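Each residue of the sequence shown is one higher than the one before, counting from 1 in the UniProt record's numbering.
No residue lacks a Cβ here, since even glycine has one placed at the ideal position from N, Cα and C.
It should be emphasised that the depicted structure is a prediction, and the values quoted were computed from it without experimental measurement.
Worksheet for the structure shown next.
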Amino acid sequence: MGRPTEPAREEAVRSGCRLWALLRRPGAPKPPPEATRPKAPSRPTVLGGRGPWGSLRDSDPSPRSCSAALPAVAPPVSPTARMGFPRAATAAGLGPAETSQGAPTPGFAEARGRGGAGRGGGGAACGGGGAGAGPRAAGAGPGAEPRPARCSPGGRRWGRRGARERGGRKRRARARARGAGMAGPGWGPPRLDGFILTERLGSGTYATVYKAYAKKDTREVVAIKCVAKKSLNKASVENLLTEIEILKGIRHPHIVQLRDFQWDSDHIYLIMEFCAGGDLSRFIHTRRLLPEKVARVFMQQLASALQFLHEQNISHLDLKPQNILLSSLEKPHLKLADFGFAQHMSPWDEKHVLRGSPLYMAPEMVCQRQYDARVDLWSVGVILYEALFGQPPFASRSFTELEEKIRSNRVIELPLRPPLSRDCRDLLQRLLERDPNRRISFQDFFAHPWVDLEHMPSGESLARATALVVQAVKKDQDGDAAAALSLYCKALDFFVPALHYEVDAQRKEAIKAKVGQYVSRAEELKAIVSSSNQALLRQGTSAQDLLREMARDKPRLLAALEVASAAMAKEEEAGGEQDALDLYQRALGELLVLLAAEPTGRRRELLHTEVQNLMARAEYLKEQVKMRESRWAAETLDKEGLSESVRTSCTLQ
């Protein structure tokens with residue numbers, strides 16, 4: 001086995017030279033001739049997901065997963081498998097996304113009836129022909145006759161003697177495969193210096209992933225992706241090089257880490273971080289759907305990874321739950337994986353080759369064959385939709401129905417159940433905008449209040465909360481109740497994620513005790529500030545009446561003042577803070593425009609004073625809503641009789 005030095009590998013990746021130039025250096029061992037190497041038995045492509053056509057995947061249906069989610073590049077065997085289609089995809093009208101040379105192929109409608117591509121092309125035969133099934137699979141192409149089943153009358157010619165001969169050939173093939181270190185379904189794992197490969201975690205078109213242990217004293221658990229060299233073509237080599245280049249150059253807590261890569265005469269080995277929690281798709285489907293609070297924590301982690309990639313001008317281009325892994329099931333951390341389709345793309349770069357899985361693919365990729373980095377935002381919206389409602393928005397019973405939904409111009413409608421917060425619905429609707437020019441931008445996505453990356457649980461949360469509390473105590477001692485209340489509320493916004501992030505039980509209990517004290521003091525300050533605001537409100541009643549009297553000839557101004565009055569009335573109702581805040585924001589949006597156009601005079605002075613009062617009321621209500629949410633989140637950490645879904649949301653980090 002050849003293994004270059006670390007500088008040589010880094011230089012090879014940085015310079016962009018082809019992996020073959022590195023592997024086929026003078027003196028490197030050569031693989032045995034093609035004729036002497038046994039063929040690995042084919043495996044049928046598996047239709048994954050819950051419900052008919054609910055989720056399409058090309059991975060192994062094993063309940064285990066790992067960080068090395070298989071990069072599905074366009075292999076010479078079956079380009080449709082990379083897009084998540086089963087073997088019957090081409091016959092159903094959805095052609096391959098990318099040819100073996102990486103060039104675009106005809107679209108969904110144009111590819112009907114072509115029977116796939118490569119040796120494994122053709123329709124699925126009684127459970128799937130699988131990669132390399134060739135013309136023996138039913139529907140393998142025009143003029144191909146299917147092989148008769150062994151149990152049918154036409155198959156009796158095989159007989160006992162033929163069975164013995166076939167059994168002998170299989171045994172000899174297994175022996176040759178073991179000698180060559182071949183990895184594949186039905187064969188033992190290959191041998192790799194420094195590691196003990198154990199159970200198979202999954203397999204794809206050109207790679208198999210194994211769980212492995214380092215032979216060092218640490219016995220570190222890793223996932224090793226074994227890529228068979230003979231299955232690589234030009235497109236898959238390019239994708240593999242890109243994946244290695246990207247993963248070797250990035251480090252992020254929510255992106256799967258590539259530890260090292262090696263090779264021998266038959267395989268390339270990607271040694272990756274092991275994730276024991278499986279993938280997000282299985283996590284969602286075993287729970288049917290996720291509570292909004294759990295989905296929000298996952299979305300924060302995914303947004304954090306995407307923000308890091310966006311700063312590096314990297315687009316993933318294949319975001320889906322199957323490519324998002326979980327570090328564990330007890331306290332899962334989300335890990336973004338499978339960078340086989342990732343590209344270095346500036347915001348203004350455009351691509352034309354289809355990449356990804358149809359259920360999560362942005363409509364412009366199919367309809368216009370022209371797209372940019374914003375396709376990742378659409379995929380994020382589909383993932384969030386599936387997490388909240390249990391299935392993707394384009395879940396279909398047939399490929400014809402799926403194609404119609406992708407090409408349709410209908411707005412994506414959100415189900416009424418389960419009920420979601422306003423911010424969550426707003427984010428979903430803006431992510432699932434068919435027109436990329438009207439879709440939410442990356443900057444707005446990262447700054448969206450529902451994503452709220454600023455308050456994401458991290459090692460800095462406690463330090464920022466402590467700094468705000470110090471300021472709040474000082475303002476409280478100075479007698480500035482309003483400023484102290486505002487700072488206490490801001491501190492609580494960081495204390496709650498700090499509690500989620502903390503793993504030490506004693507430190508967590510100490511933080512919860514302090515949070516309880518701050519919440520109690522904030523409640524006392526709230527009562528003081530509320531009584532003061534009521535007094536100011538009564539004093540300003542006469543000015544409001546005068547302003548309304550002077551606005552009789554301005555219907556637009558009068559209507560905005562009526563909305564402000566409705567907000568004040570809603571504020572007095574129990575539990576009406578959020579509705580009142582929405583009305584305040586609506587009234588202020590109109591009044592600020594009118595104030596800018598109002599000429600100098602008494603009415604302008606009164607309107608300016610009214611706008612200032614309404615802004616203060618809206619800011620106060622916003623802090624009350626945040627404090628109530630923070631207090632509820634802190635209290636749930638102390639409750640024992642929680643449902644499993646709520647308990648999970650409290651333990652996520």
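Shortest Cα-Cα distance from Tyr360 to any of Leu289, Lys234, Glu386 and Met272 involves Glu386.
Between the alpha carbons of Val227 and Leu326 lies a gap of roughly 23 Å. Closest by C-alpha distance to Asp376, out of Leu431, Gln300 and Pro415, is Leu431. Residue pairing by DSSP leaves Leu561 without any beta bridge partner. Residue pairing by DSSP places Arg200 opposite Tyr210 in a beta bridge. The C-alpha of Gln343 lies about 11 Å from the C-alpha of Leu241. The C-beta of His608 has fewer than 16 other C-beta atoms within 10 Å across all chains shown, which makes the residue exposed. Between the region 275 to 283 and the region 311 to 328, the count of Cβ pairs shorter than 8 Å is three or higher; the stretches touch. For Trp450, the secondary structure class from DSSP, reduced to helix, strand or coil, is coil. The beta carbon of Ala484 is closer than 7 Å to those of Ala472, Lys475, Asp476 and Leu525 in its chain, skipping five residues each way along the sequence. When the beta-carbon positions are compared, Phe446 and Leu453 come within less than 7 Å of each other.
Of all alpha-carbon atoms in Arg259, Arg439 and Ser530, the one lying nearest the alpha-carbon of Ala616 is that of Ser530. Taken through DSSP and simplified to helix, strand or coil, Lys225 comes out as strand.
Taken atom to atom, the span from the alpha-carbon of Pro415 to that of Phe389 is near 8 Å. For Asp260, the uninterrupted beta strand (DSSP E) segment begins and ends at Leu258 to Trp263. Remark: fewer than three beta-carbon pairs, one from each stretch, lie closer than 8 Å, so the region 205 to 217 and the region 250 to 261 are not flagged as touching. Taking Glu598 as the centre and dropping the five residues before and after it, the same chain places the C-beta of Arg604 and Leu607 closer than 8 Å to its C-beta, in chain order. Per DSSP, Lys335 is one residue of the beta strand (DSSP E) stretching across Leu334 to Leu336. Less than 7 Å divides the Cβ of Leu402 from the Cβ of Phe394. Distance from the CA of Glu330 to the CA of Lys293, rounded to the nearest whole angstrom, comes to 16 Å. Uninterrupted beta strand (DSSP E) stretches at least 3 residues long and entirely within the region 390 to 465 do not occur. Contact annotation: Leu302 and Leu270 have beta-carbon atoms that are not nearer than 7 Å. DSSP, read as helix, strand or coil, puts Leu317 in coil. For Ile255, there is no enclosing alpha helix (DSSP H), as DSSP gives it neither H nor E. Membership of Leu499 in the alpha helix (DSSP H) is indicated by the continuous run Ala481 to Tyr501. Per DSSP, the unbroken alpha helix (DSSP H) holding Leu309 starts and ends at Glu292 to Glu311. For Asp279, the pairing in a beta bridge is given by DSSP as Leu325. Among the bridge pairs identified by DSSP, Leu192 is matched with Phe195. Secondary structure of Met365 (DSSP, three-state): helix. Its chain contains Leu614 as the residues whose beta carbon lies nearer than 6 Å to that of Leu588, once the 5 sequence neighbours on both sides are disregarded; these appear in chain order.
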